[in-house]
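Asks: From first to last, the protein sequence lines are chains A and B.
For the first sequence, counting from 1, position 81 maps to 81 in the working numbering; every step adds exactly one.
For the second sequence, counting from 1, position 136 maps to 1136 in the working numbering; every step adds exactly one.
What follows is a structure written as structure tokens; I'll ask about it next.
Number of protein chains: 2
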Amino acid sequence: MKDRGLLIVFSGPSGVGKGTVRAKIFEGENDFSYSVSMTTRKQREGETDGKDYFFRTRDEFEEKIRSGLMLEYAEYVGNYYGTPLEYVNATLDDGKDVFLEIEVQGALQVKEKVPDAVFIFLAPPDLRELRERLVGRGTDTPEAIEGRLIKAREEIRLMKDYNYVVVNDQVERAASMVKQIIAAEHTRVERVIEKYADILEENEVNYYDVKTIN
Amino acid sequence: MKDRGLLIVFSGPSGVGKGTVRAKIFEGENDFSYSVSMTTRKQREGETDGKDYFFRTRDEFEEKIRSGLMLEYAEYVGNYYGTPLEYVNATLDDGKDVFLEIEVQGALQVKEKVPDAVFIFLAPPDLRELRERLVGRGTDTPEAIEGRLIKAREEIRLMKDYNYVVVNDQVERAASMVKQIIAAEHTRVERVIEKYADILEENEVNYYDVKTIN
């Protein structure tokens, strides 16, 4: 029997650079699968259905929601975005890790449904710097800057529901950190101890059934 | 203020290869300090006091125990071996990680005193293989082999008190795994969230005090 893969949820405040870090992670070799999101927004030139997104009508998307076939979803600017459950489950059952890059809102939905997923929060490097950058570029009013900082604060407040916090100070470093977290998670005792269950039982014969576990 | 370092406890059944993996970990660059053990056994040719071990008399060692200055200790073949507390605390306070390579017995003592240390269990790759190797080399009686397997089983039972299990199938791979675990542990939310405490409080002024956290 194959071991079920890990579900990795990569999220963080909007604008923190999730997409860039995710692209860097998938640049090199890796053992996990990227879950393609489903959306009702229009397919843009150069985008491929099933690669960039699964492009679906609003009716089709809502039917998926009603049938409980979305792991998480949200509506932005009049369009749905979400993660179809089927691919995630099939891939995990196949023993492969699945990587979701989603908004904070969606991550909270996944947390409720799959509490033993690995939740990684990508954080901005420095709020003081963010503030100085906002002031420096001179495009936001002081009120807008305060608004952005309040939003950043609210999003950081959600950090406590995650398992790991990676600071996006350098894309390369952040991507490497995420990969190390995933590797380490595979060795967590609660994930591997079942494979040793046979030995921990009283039957001596079980010695012969123990295989390499990572 | 410097962040306190992590205490890393690397342990596992005797004979599993802890020393070899530890040597590999310390071969390359790394950010953590190896804690030199104290012993009452005789200094051997080529060994340096303070590098290989702190060589002390039985009286001196027992005085340390009585004064509560040993983080952990055990007696093997009539000699004491243990970890002096002073170096560990000073190094952790200095913001550096401390790496202990100790026996399972000692690891349990550390677990009681420093529950938030990182406990990594080095496991044999395959008990079946171990059994075949023991049978194959023909030096042990069937009873002795069963005895060794029972011991291995008892030691594996202790795995549940650790945080991570790394299989020593290849030294290089196991060493790399341990390093990745240590890197990942630094990003665990419970270790970094305090640094965000200021933002999570109501006082807006605190925005300016947030620094890069990893």
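The C-beta atom is built at its ideal place from N, Cα and C for all residues, glycine as well.
Quantities reported herein were computed from a predicted structural model and do not represent experimental measurements.
For chain A, is any of its Cβ atoms less than 7 Å away from the one on V1104(B)?
Replies: Here residue 1104(B) refers to the residue found at position 104 when the second sequence is read from its first residue. No, V1104(B) lies away from the interface with chain A (no Cβ there is under 7 Å from its Cβ).
Asks: Taking only beta-carbon atoms, is I25(A) less than 7 Å away from chain B?
Replies: For the purposes of this step, residue 25(A) is taken as residue 25 along the first sequence, with counting starting at 1. Not closer than 7 Å to any Cβ of chain B, the Cβ of I25(A) fails to qualify, so no.
Asks: Among all the DSSP beta bridges, which residues are the ones paired with A1197(B)?
Replies: Reading the second sequence from its first residue, position 197 is the one you call residue 1197(B). Paired residue(s): none; A1197(B) is not in a bridge.
Asks: For A1074(B), report the span of its beta strand (DSSP E) as first-last.
Replies: Taking the first residue of the second sequence as 1, we reach residue 1074(B) at position 74. Run containing A1074(B): 1070-1076, per the beta strand (DSSP E) assignment.
Asks: Cβ of K1113(B) within 7 Å of Cβ of D1161(B)?
Replies: To locate residue 1113(B), count along the second sequence from 1; it is residue 113. To locate residue 1161(B), count along the second sequence from 1; it is residue 161. No, Cβ-Cβ distance for K1113(B) and D1161(B) is not below 7 Å.
Asks: Would you mind reading off the limits of the beta strand (DSSP E) that contains L1122(B)?
Replies: Taking the first residue of the second sequence as 1, we reach residue 1122(B) at position 122. It spans 1118-1123 - the beta strand (DSSP E) in which L1122(B) sits, taken as one unbroken run.
Asks: Pick helix, strand or coil for V36(A), following the three-state DSSP scheme.
Replies: Walking along the first sequence from the start, residue 36(A) turns up at place 36. Coil, per DSSP.
Asks: If you count every other CB in all the chains shown that lies within 10 Å of the CB of N1168(B), and 16 or more means buried, which is it?
Replies: Here residue 1168(B) refers to the residue found at position 168 when the second sequence is read from its first residue. N1168(B) is buried by the Cβ-count criterion.
Asks: Mark Q180(A) as exposed unless 16 or more other C-beta atoms lie within 10 angstroms of its C-beta, in which case mark it buried.
Replies: Residue numbering aside, residue 180(A) sits at position 180 when the first sequence is read from its first letter. Buried: at least 16 other Cβ atoms inside 10 Å.
Asks: Is the CB of Y1034(B) under 7 Å away from at least one CB in chain A?
Replies: Here residue 1034(B) is taken as the residue at index 34 of the second sequence, counted from 1. Cβ-Cβ to chain A under 7 Å: no for Y1034(B).
Asks: Who are F55(A)'s beta bridge partners in DSSP?
Replies: Reading the first sequence from its first residue, position 55 is the one you call residue 55(A). F55(A) is bridged to T39(A).
Asks: Using a 10 Å radius around the Cβ and a threshold of 16 neighbouring Cβ atoms, would you call R56(A) buried or exposed?
Replies: For the purposes of this step, residue 56(A) is identified with residue 56 of the first sequence, where counting begins at 1. The residue in question, R56(A), is buried, as its Cβ has 16 or more Cβ neighbours within 10 Å.
Asks: Considering only their Cβ atoms, is the gap separating G1005(B) from K1096(B) smaller than 7 Å?
Replies: By one-based count along the second sequence, residue 1096(B) stands at place 96. By one-based count along the second sequence, residue 1005(B) stands at place 5. Taking 7 Å as the Cβ cut-off, K1096(B) and G1005(B) qualify as a contacting pair.
Asks: Just tell me which of Y1081(B), S1011(B), A1144(B), S1033(B) has its CA closest to the CA of L1092(B).
Replies: By one-based count along the second sequence, residue 1092(B) stands at place 92. Among Y1081(B), S1011(B), A1144(B), S1033(B), the Cα nearest to that of L1092(B) is on S1033(B).
Asks: Sorted by chain position, which residues of the same chain lie with C-beta nearer than 6 Å to V16(A)'s C-beta, five sequence neighbours on each side aside?
Replies: Counting from one through the first sequence, the residue named residue 16(A) turns up at place 16. Only L122, P124, N168 meet the Cβ criterion.
Asks: Hey, V1178(B) and I1120(B) are a contact pair by Cβ (cut 8 Å); roughly how many whole angstroms apart?
Replies: Translated into positions along the second sequence, residue 1178(B) becomes position 178. Translated into positions along the second sequence, residue 1120(B) becomes position 120. About 6 Å; that satisfies the 8 Å criterion.
Asks: Between G1017(B) and chain A, is any beta-carbon pair separated by less than 7 Å?
Replies: The residue you call residue 1017(B) lines up with position 17 of the second sequence. So, not an interface residue.
Asks: On the criterion of 16 or more Cβ atoms from any shown chain inside 10 Å, does Y1081(B) qualify as buried, or is it exposed?
Replies: The residue you call residue 1081(B) lines up with position 81 of the second sequence. Classification for Y1081(B): buried.
Asks: Under 8 Å, with one C-beta from each stretch per pair, do the region 34-46 of chain A and the region 143-150 of chain A reach the 3-pair mark?
Replies: Output reads no: the region 143-150 of chain A does not touch the region 34-46 of chain A.
Asks: Distance, Cα to Cα, Q170(A) vs E1101(B)?
Replies: Locating residue 170(A) in the first sequence gives position 170, where the first residue counts as 1. Locating residue 1101(B) in the second sequence gives position 101, where the first residue counts as 1. Roughly 33 Å between the two C-alpha positions.
Asks: The beta strand (DSSP E) that contains P84(A), what's its start and end?
Replies: On the first sequence, residue 84(A) is found 84 positions in, with the first residue counted as 1. 79-84 is the extent of the beta strand (DSSP E) around P84(A).
Asks: So which residues of chain B does V192(A) contact, with C-beta pairs closer than 8 Å?
Replies: For the purposes of this step, residue 192(A) is taken as the residue at position 192 of the first sequence. Residues of chain B passing the Cβ test: V1165.
Asks: Within the same chain, show all residues whose beta-carbon is closer than 6 Å to that of D1003(B), passing over the 5 residues directly before and after it, in chain order.
Replies: As a position in the second sequence, residue 1003(B) is number 3, starting the count at 1. Closer than 6 Å at Cβ, skipping near neighbours: G1095.
Asks: What does DSSP give as the partner residue(s) for D97(A) in the beta ladder?
Replies: Within the first sequence, the letter at position 97 stands for residue 97(A). Answer is F32(A).
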